[in-house]
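S.K.: Below are the structure tokens for one structure; questions will follow.
Residue numbers (my numbering), protein chains in the order written: chain C, 1 to 517; chain S, 1 to 97.
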């Protein structure tokens, strides 16, 4: 094999892998990227979806008020897990785990930080639904997590092969090409958003494997620790094994002095979560873990206290070696809890660039084959065109429907939180069936128009149905909630442009035989 | 897209097998071997963290290499041989340690 043919066969192989590998995982990756991007605004979306709580604020008393409420309402529990409120999420979230003698075995509570009373707002999964969907697709068990993990590896492969195939593309993007073909637009955008935000794409894909890496590759942990992995979990995650209750009643110590102690140890760093095991028992322990939003590298910083005397039992100071720091840094960079508003908006734009890279790549796959093969597409090409529509436009339509359902389903209706999710899934299914009934050509135009209308009119719906609309949120300077409405307007505008220009781009054109029916 | 010939299909199947199950076996073997081999140097927890992250990188890099190699069978042999070797070494280390 000569040098030259070796080079070109490498190019062919990498192109093949990029085109087909990208196609197979592209739809899943698009959904993961889009919902993952919304996760940067997870708490803001939840605040938009609970307009009754526009004025809710975090409170320094949140831990104490939660303790008081739980001692009243969940005294016999095995464990309380308390997620303390923050600036972006002004709610104390509590998970109560009960011993077998108490039913139900598990309870979730949402408390007002200032007084520990239950939150009284419309029930919603809020931004959390999209956040969880992003890594488990809301599928039962671990199936979704495995699928997303595989897709992440495929994304890294697509980035490597794409870079090999299109090394010169960065400059192509800026080249003046007056006579460039219409199909070429999609490739230019695919390469452009891919290359410009390449460091982001590579970073987010690599770091995305880290949070669940022991689910994906447990073999190192198994080899080194066997069945006794408690020591590893305690050291690396600051999750010490729970001690058994003694069955002897003893009052729980007050939490404020413990918080003062952790703040002193962390130079003012704030607590993020509190794990209370065996509250009210002589064997009670209180584990206070540092929050994630005032540091980048998330190595364990935590203090374990005796729950009766308040004595320090164990201290994690965030030390550990280089590998722990790399893992903590990767995790911290991926979930980005430390980001202020500016960086957060920048990362949302990068996430959208990644979403667009995947979406334009999928569209180009169809557009290029349509141009090359003429007006007789194969069954496979038709399928890809329909699936593209259902994912690239259908998912944004479904998310818009989720937000519309939030405003239109009565606030007091039982089961409304799951109903909102049901609306999202039903609308998404409808967007997948739509091209089969109407034909892709008309379906593209109609769904793009629906997406433009639903997103563009969302602030109007908000105005008509809540007191958390732009007129109020902008006046209050509440950019978190206002940002959701503004993003909806921008999304509506984007889909309006695509609707108007779809014939020249060309989306769903020319008419294919089956679409004339 | 022209239908690939039977020989080409078999080649693609071999490469896919080398890249996906093969690549995963390589990651699993690297994780197990490196966790045990690095433990005396770094300590157990550090070794496990480093090994697991390196294993994921190994898989990611292995996939394009499998498709870049001239012969599909040679690629499969390399991946299979490396994965088996790493597993064998890990088993040996596990026994000794």
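Even glycine gets a Cβ: it sits at the ideal position worked out from N, Cα and C.
Let's test the definition: count the other Cβ atoms within 10 Å of the Cβ of residue 86 of chain S and tell me whether it reaches 16, buried, or not, exposed.
M.R.: For the purposes of this step, residue 86 of chain S is taken as residue 86 along the second chain, with counting starting at 1. It is buried - the Cβ of residue 86 of chain S has at least 16 other Cβ atoms within 10 Å.
S.K.: Hey, which unbroken runs of the alpha helix (DSSP H) at 4 residues or more fall wholly within the stretch 192-216 of chain C?
M.R.: 198-209, 213-216
S.K.: Which ranges does the alpha helix (DSSP H) cover as unbroken runs of at least 4 residues, wholly within the stretch 299-356 of chain C, from first to last along the chain?
M.R.: 322-335
S.K.: Could you tell me whether the stretch 51-64 of chain S touches the stretch 27-34 of chain S, using the rule of 3 or more Cβ pairs below 8 Å?
M.R.: yes
S.K.: Could you tell me whether the stretch 184-191 of chain C touches the stretch 347-365 of chain C, where touching means 3 or more Cβ pairs closer than 8 Å?
M.R.: yes
S.K.: In whole angstroms, give me the CA-to-CA distance for residue 477 of chain C and residue 63 of chain C.
M.R.: Position 477 of the first chain, counted from the start, is the residue given in the question as residue 477 of chain C. Position 63 of the first chain, counted from the start, is the residue given in the question as residue 63 of chain C. Their backbone Cα atoms lie some 28 Å apart in a straight line.
S.K.: Rounding to the nearest angstrom, what Cα-Cα distance links residue 380 of chain C and residue 507 of chain C in this structure?
M.R.: Taking the first residue of the first chain as 1, we reach residue 380 of chain C at position 380. Taking the first residue of the first chain as 1, we reach residue 507 of chain C at position 507. Cα-Cα distance, rounded: 17 Å.
S.K.: For residue 44 of chain S and chain C, any beta-carbon pair shorter than 9 Å?
M.R.: In the second chain, counting from the first residue as 1, residue 44 of chain S sits at position 44. With 9 Å as the cut-off, residue 44 of chain S counts as an interface residue toward chain C.
S.K.: What do you reckon, are the CB atoms on residue 279 of chain C and residue 247 of chain C nearer than 9 Å?
M.R.: Position 279 of the first chain, counting from 1, holds the residue named residue 279 of chain C. Position 247 of the first chain, counting from 1, holds the residue named residue 247 of chain C. Not a contact, by the Cβ cut-off of 9 Å.
S.K.: So the alpha helix (DSSP H) residue 160 of chain C belongs to, where does it begin and stop?
M.R.: The sequence position of residue 160 of chain C within the first chain is 160, counting from 1. Counting along the chain, the alpha helix (DSSP H) containing residue 160 of chain C begins and ends at 143-165.
S.K.: Report buried or exposed for residue 91 of chain C, applying the criterion of at least 16 other Cβ atoms within 10 angstroms of its Cβ.
M.R.: Counting from 1 along the first chain, the entry for residue 91 of chain C is found at position 91. Burial call: buried.
S.K.: Looking only at DSSP bridge pairs, what is residue 285 of chain C linked to?
M.R.: Stepping through the first chain from its first residue, residue 285 of chain C is reached at position 285. Per DSSP, C:277, C:306.
S.K.: Shorter than 9 Å from the beta carbon of residue 84 of chain S to some beta carbon of chain C?
M.R.: Walking along the second chain from the start, residue 84 of chain S turns up at place 84. Residue 84 of chain S does not count as touching chain C.
S.K.: Looking only at its own chain, which residues have a Cβ that is under 6 Å from the Cβ of residue 77 of chain S, when we skip the five neighbours before and after it?
M.R.: The residue labelled residue 77 of chain S in the question sits at position 77 within the second chain. Counting only Cβ-Cβ distances below 6 Å, and skipping sequence neighbours, we find nothing.
S.K.: So, does the CB of residue 187 of chain C fall closer than 9 Å to a CB anywhere in chain S?
M.R.: On the first chain, residue 187 of chain C is found 187 positions in, with the first residue counted as 1. It does not; no Cβ of chain S falls within 9 Å.
S.K.: With a threshold of 9 Å between beta-carbons, can residue 8 of chain C be considered close to chain S, or not?
M.R.: In the first chain, residue 8 of chain C corresponds to position 8, counting from 1. Output row for residue 8 of chain C: interface = no.
S.K.: By a C-beta neighbour count over all protein chains shown, 10 Å radius and 16 as the cutoff for buried, is residue 49 of chain C buried or exposed?
M.R.: If you number the first chain from 1, residue 49 of chain C lands on position 49. Buried, since its Cβ has 16 or more Cβ neighbours within 10 Å.
S.K.: Using only CA atoms, which one of C:257, C:31, C:154 lies nearest to residue 61 of chain C?
M.R.: Against the first chain, residue 61 of chain C aligns to sequence position 61. It is C:257 whose Cα lies nearest to the Cα of residue 61 of chain C.
S.K.: At a CB-CB cut-off below 7 Å, which residues of chain C make contact with residue 14 of chain S?
M.R.: Indexing the second chain from 1 puts residue 14 of chain S at position 14. Ordered by position in chain C, no residue passes the 7 Å Cβ test against residue 14 of chain S, which lies about 13 Å from the chain.
S.K.: Put residue 80 of chain C into one of helix, strand or coil per three-state DSSP.
M.R.: Looking up residue 80 of chain C in the first chain gives position 80. Three-state result, residue 80 of chain C: strand.
S.K.: As a quick exercise: from C:332, C:450, C:85, C:390, pick the residue whose alpha carbon is nearest that of residue 40 of chain C.
M.R.: By 1-based counting over the first chain, the position of residue 40 of chain C is 40. It is C:332 whose Cα lies nearest to the Cα of residue 40 of chain C.
S.K.: Run through chain S and tell me which residues come within less than 8 Å of residue 14 of chain C, C-beta to C-beta.
M.R.: Numbered from 1 along the first chain, position 14 holds the residue referred to as residue 14 of chain C. Neighbours of residue 14 of chain C in chain S, taken as residues at a C-beta separation under 8 Å, are given in chain order as 64, 67, 68.
S.K.: Could one say the Cβ of residue 322 of chain C lies closer than 9 Å to chain S's Cβ atoms, at least one of them?
M.R.: One-based indexing of the first chain puts residue 322 of chain C at position 322. Yes, its Cβ sits closer than 9 Å to a Cβ of chain S.
S.K.: Go to residue 93 of chain C, then tell me how far its beta strand (DSSP E) extends in each direction, as first and last residue.
M.R.: For the purposes of this step, residue 93 of chain C is taken as residue 93 along the first chain, with counting starting at 1. Where residue 93 of chain C is concerned, the enclosing beta strand (DSSP E) stretches over 92-97.
S.K.: Out of curiosity, what's the CA-to-CA distance linking residue 191 of chain C and residue 166 of chain C?
M.R.: Here residue 191 of chain C refers to the residue found at position 191 of the first chain. Here residue 166 of chain C refers to the residue found at position 166 of the first chain. Residue 191 of chain C and residue 166 of chain C: Cα-Cα distance of roughly 8 Å.
S.K.: Along the stretch 143-170 of chain C, where does the CB come closer than 7 Å to a CB of chain S? Name the residues.
M.R.: 153, 156, 157, 160, 161
S.K.: Say whether chain C places a C-beta atom closer than 9 Å to the C-beta of residue 17 of chain S.
M.R.: Numbered from 1 along the second chain, position 17 holds the residue referred to as residue 17 of chain S. Output row for residue 17 of chain S: interface = no.
S.K.: Per the DSSP calculation, residue 111 of chain C is bridged to which residue(s)?
M.R.: Stepping through the first chain from its first residue, residue 111 of chain C is reached at position 111. In DSSP, residue 111 of chain C forms a bridge with C:92, C:118.
S.K.: I'd like to know if residue 47 of chain S contacts chain C, where contact means its C-beta is closer than 9 Å to some C-beta of that chain.
M.R.: Counting from one through the second chain, the residue named residue 47 of chain S turns up at place 47. Yes, because at least one Cβ of chain C sits closer than 9 Å to the Cβ of residue 47 of chain S.
S.K.: I'd like to check one pair, residue 35 of chain S with residue 116 of chain S: are the Cβ atoms closer than 9 Å?
M.R.: Nothing can be reported for residue 116 of chain S: it is not among the residues displayed for chain S, which extend from 1 to 97.
S.K.: Find out if the Cβ-Cβ distance for the pair residue 116 of chain C, residue 66 of chain C is shorter than 9 Å.
M.R.: Position 116 of the first chain, counted from the first residue, corresponds to residue 116 of chain C. Position 66 of the first chain, counted from the first residue, corresponds to residue 66 of chain C. Going by C-beta atoms, residue 116 of chain C is nearer than 9 Å to residue 66 of chain C.
S.K.: What are the complete beta strand (DSSP E) segments, minimum 3 residues, inside the stretch 355-382 of chain C?
M.R.: Secondary structure within the stretch 355-382 of chain C: not one fully enclosed beta strand (DSSP E) run of 3 or more consecutive residues is present.
S.K.: Measuring alpha carbon to alpha carbon, tell me which of C:131, C:482, C:12 ends up nearest residue 34 of chain C.
M.R.: Here residue 34 of chain C corresponds to residue number 34 of the first chain, with the count starting at 1. Put simply, of C:131, C:482, C:12 the residue whose alpha carbon is nearest the alpha carbon of residue 34 of chain C is C:131.
S.K.: Under DSSP, the alpha helix (DSSP H) around residue 296 of chain C begins and ends at which residues?
M.R.: Numbered from its first residue, the first chain carries residue 296 of chain C at position 296. Where residue 296 of chain C is concerned, there is no enclosing alpha helix (DSSP H), given that its DSSP letter is neither H nor E.
S.K.: To the nearest angstrom, report how far apart residue 111 of chain C and residue 93 of chain C are at their CA atoms.
M.R.: Counting from 1 along the first chain, the entry for residue 111 of chain C is found at position 111. Counting from 1 along the first chain, the entry for residue 93 of chain C is found at position 93. Going from the Cα of residue 111 of chain C to the Cα of residue 93 of chain C covers about 6 Å.
S.K.: Mapping DSSP to helix, strand and coil, what is residue 271 of chain C?
M.R.: Sequence index remark: in the first chain, residue 271 of chain C carries index 271 (1-based). In the structure shown, residue 271 of chain C sits in a strand (DSSP, three-state: E or B).
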